[in-house]
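Okay, so here's the structure we're looking at.
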Amino acid sequence: MAPCNSDAAPPTVAQTLLAGSILAAEGVPGLYRGVVAVTLKQASNAVVRFTSYNFLLDQTRAMLGDKRNAACSVIAGAGAGLITVYCTMPLDNIKTKLQLIGSRERYSGSWECLKKMVREGGVSSLWTGTSPRLVRLTASLIDPLYVWEIGRAHV
């Protein structure tokens, strides 16, 4: 088997260099650029994901008449991924824009970023990139939530 890219620096070295360049250009605050947006995005992601998953799981179990069924968990996990993407995509886009190099000059914060996105691209710009995230998140939620259900069944 051929090695991956042998010329590439190990991630820890690359991350150290990146952190050093951010510190040099922006100081310590640059390391925390977008932290509020990331926190809002991650918190809303978790709330929407688990709330919709539990709701869909209950509904699926009621329709299929089975208390512990892999199909119920898979259907609920995929549905939770779909709901999570559409509900949290605006926050994900704001977070991404705030973390871009040069964003400090363009946006004063999350609210300013939201206003500029809507003004420049319309409300639909808040859902730019939904399809790739939808595929990734829907597929990635099926396995962990199924494993979580197996664990819950044995507790």
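Start counting at 1 in the sequence shown, then tack on 1341, and there's your number in my numbering. Quick reminder that beta carbons are idealized off the backbone N, C-alpha and C, glycines included.
Cβ of residue i within 8 Å of Cβ of residue j?
{"i": "Arg1474", "j": "Asp1433", "result": "yes"}
{"i": "Leu1397", "j": "Ala1421", "result": "yes"}
{"i": "Ala1417", "j": "Thr1401", "result": "yes"}
{"i": "Ser1449", "j": "Met1458", "result": "no"}
If you follow the alpha helix (DSSP H) that residue i is part of, which residue opens it and which one closes it?
{"i": "Gly1463", "result": "It is not in any alpha helix (DSSP H) - Gly1463 carries neither H nor E in the DSSP assignment."}
Could you give the DSSP three-state label for residue i: helix, strand or coil?
{"i": "Leu1358", "result": "helix"}
{"i": "Ile1442", "result": "coil"}
{"i": "Thr1471", "result": "helix"}
{"i": "Gly1450", "result": "coil"}
Give me the Cβ distance between residue i and residue j, rounded to the nearest whole Å; I'm assuming they're in contact under 8 Å.
{"i": "Leu1478", "j": "Thr1425", "result": "6 Å"}
{"i": "Ala1355", "j": "Ser1451", "result": "Actually they do not touch by this definition, with Cβ atoms about 28 Å apart."}
Would you list, in sequence order, the uninterrupted alpha helix (DSSP H) runs of no fewer than 4 residues that lie entirely inside the stretch 1369-1431? Segments of the alpha helix (DSSP H) lying fully in the stretch 1369-1431: 1369-1372, 1376-1405.
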